[in-house]
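Structure, as structure tokens:
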Amino acid sequence: MSSLSPAQLIVNIAEYYTIYTGFITFFFGIFGNISLIFVLTRLRIFRGNPSAFYLIVESITNSLQMALLLTSRIAMNGFAIDLTQTILFWCKLRGSFRAYFTLKPLSIICFSAIDQY
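Under this note's numbering, the first residue of the sequence shown carries the number 3, and numbering increases by one thereafter.
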């Protein structure tokens, strides 16, 4: 029988949930973005299409967002490794990266829609 208090049990469940869902989201997201880049660059139908360029840039941006921000969130919430406490560079730029990598894909979608008309 477990001797953990209910609050500690909930914290442990939340940590495991963060770890498992974070890794699943990371791997499927990276796989999806790489496969989208592969399809848009290899198929002849999409080579001259300007929308394909926008989607490729969006996929690259989303991959960087997952690689930089999601992995640090998994490390902080799942493993209690706070990189902002140890790396000064990351402490200063994390907020800027979060804003950039959140707004960039949204603006790319808007640019793609504007380019169509």
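Ideal Cβ positions, reconstructed from N, Cα and C, are used throughout, including at glycine.
Note that this is a predicted model, so its numbers are computed, not measured.
State buried or exposed for residue i, treating a residue as buried only when at least 16 other CB atoms are found within 10 Å of its CB.
i           : result
residue 56  : buried
residue 54  : buried
residue 110 : buried
residue 104 : exposed
Once you ignore the five residues that flank residue i on each side, which residues in its own chain have a CB closer than 6 Å to its CB?
i           : result
residue 58  : 39, 42
residue 117 : 52
residue 60  : 107, 110
residue 93  : 86
With distances taken from CA atoms, which of the options is nearest residue i?
i          : options         : result
residue 19 : 96, 94, 108, 81 : 81
residue 33 : 90, 66, 50, 85  : 66
residue 35 : 119, 11, 63, 89 : 63
residue 26 : 45, 84, 68      : 68
residue 17 : 101, 97, 83     : 83
Please tell me whether residue i and residue j are closer than 7 Å, where the distance is taken between their beta carbons.
i          : j          : result
residue 99 : residue 72 : no
Less than 7 Å between C-beta atoms, sequence neighbours within five positions excluded: which residues of the same chain meet that for residue i?
i          : result
residue 24 : 72, 75, 76, 80
Excluding the five sequence neighbours on either side, which residues of its own chain have a C-beta within less than 8 Å of the C-beta of residue i, listed in chain order?
i          : result
residue 97 : none
Closer than 7 Å, CB to CB, is residue i near chain C or not?
i          : result
residue 56 : In the structure shown, chain C cannot be found, because there is only a single protein chain.
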